[in-house]
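Chains as they are written, first to last, in the numbering used here: chain A, 6 to 92; chain B, 202 to 508. Ideal Cβ positions, reconstructed from N, Cα and C, are used throughout, including at glycine. Since the structure is predicted, the reported quantities are computational estimates derived from the model, not experimental observations.
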Amino acid sequence: MVILKKAQAGTMQSSDLMVFTEPSDGLEIIIDSTVAKQYGHLIRAKVEEVLDRMSVTQGTIRIKDRGALDYAIDARVQAAVLRSQGA
Amino acid sequence: MEETLSIRRSLLYVPGNMPSMLQNIPIFNCDAVFIDLEDAVPMNEKDAARLLVKSFIQSYKNRNKEVFFRMNALDTEWGYDDLLTVLPALPDGVRLPKADTPEIVERLDTFLTECEENLGLEIGRFKIIPSIESALGVINCIKTARCSSRVIALAFGAEDYTTSMGIERTKTGEELFQARNRVVWAAKAAGIQAIDTIFADVSDEESFTREVRLIKGLGFTGKSLINPRQIDIVHKIFAPGKDEIEYALEIIEAIKLAREMGTGVISLRGKMIDAPIVKRAARVLRTAASLGMIDIEISDEVIHGTK
Chain A
6 MVILKKAQAG
16 TMQSSDLMVF
26 TEPSDGLEII
36 IDSTVAKQYG
46 HLIRAKVEEV
56 LDRMSVTQGT
66 IRIKDRGALD
76 YAIDARVQAA
86 VLRSQGA
Chain B
202 MEETLSIRRS
212 LLYVPGNMPS
222 MLQNIPIFNC
232 DAVFIDLEDA
242 VPMNEKDAAR
252 LLVKSFIQSY
262 KNRNKEVFFR
272 MNALDTEWGY
282 DDLLTVLPAL
292 PDGVRLPKAD
302 TPEIVERLDT
312 FLTECEENLG
322 LEIGRFKIIP
332 SIESALGVIN
342 CIKTARCSSR
352 VIALAFGAED
362 YTTSMGIERT
372 KTGEELFQAR
382 NRVVWAAKAA
392 GIQAIDTIFA
402 DVSDEESFTR
412 EVRLIKGLGF
422 TGKSLINPRQ
432 IDIVHKIFAP
442 GKDEIEYALE
452 IIEAIKLARE
462 MGTGVISLRG
472 KMIDAPIVKR
482 AARVLRTAAS
492 LGMIDIEISD
502 EVIHGTK
C-alpha cells in the first residue's frame, strides 16, 4: 500500500494524537510529541507496527502526539492511512 | 448468569471519538457503557471513530462491566460498517437506534448471526438493546421486545421521542408517562429489562434524583446516563433497603428448606413463596452484593433448584 494523497486523522484533545499523511518516495515517520524524549521510540514502534500490518511501503507519516495510548495510536494511524487511499 | 438477573442499573454513554473518555471506561463504576458512534460522532469522523472504538475494546482485556456500542441506524450509510468493524473486538452487544419496528431488529439479528458464524462465535453471543424513540417505536415495542432472543432490554429514548411527537421535553416528564409505561409493560411481558432515557441537565441533581425515583417506581430496571456524576445517584436509589435484603435472605433460606422437603413452594410468615418470589429475592440480593452491602453469592442453583 502506498500513501496516495494528503490525509489526516485524530484530534488535538489530550490523550489523542493527530496523524498526517503525505505521498513520498520513501517511507518516513516524523514524531512530534511533548513526551518525545521518554516515549518517542515507543510511539515510533507502534506506528511502524501498524504500517507493517497494513503493508504501507511508501509515504510520509507525521505524528503530533497529545499523550495517546497504544490503542489510540493504532486506530488513528489506520484511519489516516485509509483516508489517504480512496477518493 | 440468566439474562434477566444481570444487573444493569447504570448505563453510561461514552463518546466514541474521544480517547480521554474511552480510556476511563475501566474506572467508571457504572454497570455498563454505551460507547456512542451515533449522535456523539460527526458525520466526517464516523470512519475514524469506529476504528478507535474497535481498538479500545480490543485493548480492554479485564472487563469489569458490560460494553455495548450504539451503532448508527441500519438505514444509514454507516450502520453495517459499524458492525463489521467493531464486532470482531467482541463487545457484549449493540444498542440499536430507531428500532421503530420489530422487522428492523430482526434484520440486525440476522446480520449478527452471519457475523458470529464468520467469526466462529457462539450464535446469540451479541445482544441487542433496541432504542424505542419515536411514536411508531412506542406503538410497536410490545412486538419488538419479543422479536429476538438477543433482545435483553428495551431502552426508551425521550429526546428523539419528544422530537417525533413535536413536543417539548420537560424536567417533570408528564409528557412521557404513557410511552414510559408502555415500554415497561412490553419489557416485563417479554421477561426482559427496561432502561429509561437520559436526563440531559447534569447540573440539576434534584430533578435528576426525582426522575430516577419515578422511573424506578414505574418498573424500569436501569437508566441511560450521560455523565459519570449521575452513576452514584442511580445506584443509591436502586439500592435495596435493609428490610428488603433481610426478607430476601429469609426467602432464600425458606426455598432451600422447601426443596429439601421435595417441594417448590413454602409458606413464610403467612405468605406463599414460590419461583417468581425467589427470583425477585435473588435479584435484590445480587444487587445488594454488587453494592458491597452483603457478602454472599447467589448461584443459579439456588434460584432454580437442581435438576
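- DSSP places B/L486 in the uninterrupted alpha helix (DSSP H) bounded by 476 to 491.
- Residues are counted here when their Cβ sits less than 9 Å from a Cβ of chain A; for the region 462 to 481 of chain B the count is zero.
- Taken in chain order, the unbroken stretches of beta strand (DSSP E) that lie wholly in the region 275 to 338 of chain B and span 3 residues or more are 294 to 297, 328 to 333.
- DSSP places B/T410 within a helical segment (H, G or I) once states are collapsed to three.
- With 16 or more other Cβ atoms inside 10 Å of its own Cβ, B/N273 counts as buried.
- Here the C-alpha atom of A/I68 lies approximately 16 Å from the C-alpha atom of A/D57.
- Of the candidates B/S500, B/E451, B/D301, the residue whose Cα lies closest to the Cα of B/S365 is B/D301.
- In the pairwise beta carbon analysis, the region 440 to 452 of chain B is classified as touching the region 471 to 486 of chain B: at least three pairs are separated by under 8 Å.
- B/S408 and B/L426 have their C-alpha atoms roughly 14 Å apart.
- Shown here, B/V466 sits in coil according to DSSP, grouped into three states, outside any helix or strand.
- For B/Q394, the enclosing beta strand (DSSP E) stretches over residues 394 to 397.
- Annotation for B/G506: R460 place their beta carbon closer than 6 Å to its own, counting only its chain and skipping 5 residues before and after.
- DSSP, reduced to helix, strand and coil, places A/V82 within a helical segment of the structure shown.
- Listed along chain A are Q18, each with a C-beta nearer than 7 Å to that of B/M219.
- The straight-line gap separating the alpha-carbon atoms of B/S332 and B/Y261 is approximately 25 Å.
- Less than 8 Å separates the beta-carbon of A/I34 from that of A/V52.
- Between the alpha carbons of B/L337 and A/D30 lies a gap of roughly 56 Å.
- The Cβ of B/S207 sits no closer than 8 Å to any Cβ of chain A.
- A direct Cα-to-Cα measurement between B/R481 and B/F269 gives close to 25 Å.
- Residues of chain A whose Cβ lies closer than 8 Å to the Cβ of B/F257 are, in chain order, Y76, A77, A80.
- In the displayed model, A/R49 falls within a helix according to three-state DSSP.
- Its Cα nearest to that of B/L212, the residue B/D433 stands out among B/D433, B/T464, B/M494.
- Below the 9 Å Cβ cutoff, chain A contributes A14, A84, L87, R88 as neighbours of B/D248, in chain order.
- Within chain B, the C-beta atoms nearer than 8 Å to that of A/D21 come from M219, P220, S221, in chain order.
- Counting along the chain, no alpha helix (DSSP H) covers B/P243, and no H or E run does either.
- For the region 24 to 51 of chain A, no residue has a beta-carbon sitting nearer than 9 Å to a beta-carbon of chain B.
- Counting along the chain, B/R271 sits inside the beta strand (DSSP E) bounded by residues 267 to 271.
- Using a CB distance cut-off of 8 Å, B/L285 does not count as an interface residue toward chain A.
- Separation of the CB atoms of A/P28 and A/I48 is rounded to 22 Å, and the pair is thereby denied contact status at 8 Å.
- With a threshold of 16 other beta carbon atoms within 10 Å, B/A390 falls short and is exposed.
- Here DSSP, grouped into helix, strand and coil, assigns B/I236 to strand.
- A/G45 has its alpha-carbon roughly 7 Å from the corresponding atom of A/I36.
- Judged by DSSP secondary structure, A/D37 falls within the beta strand (DSSP E) whose first and last residues are 32 to 38.
- For B/S260, the nearest CB of chain A lies under 8 Å from its own CB, placing it at the interface with that chain.
- Straight through space, the alpha carbons of B/L291 and B/L320 are spaced by roughly 10 Å.
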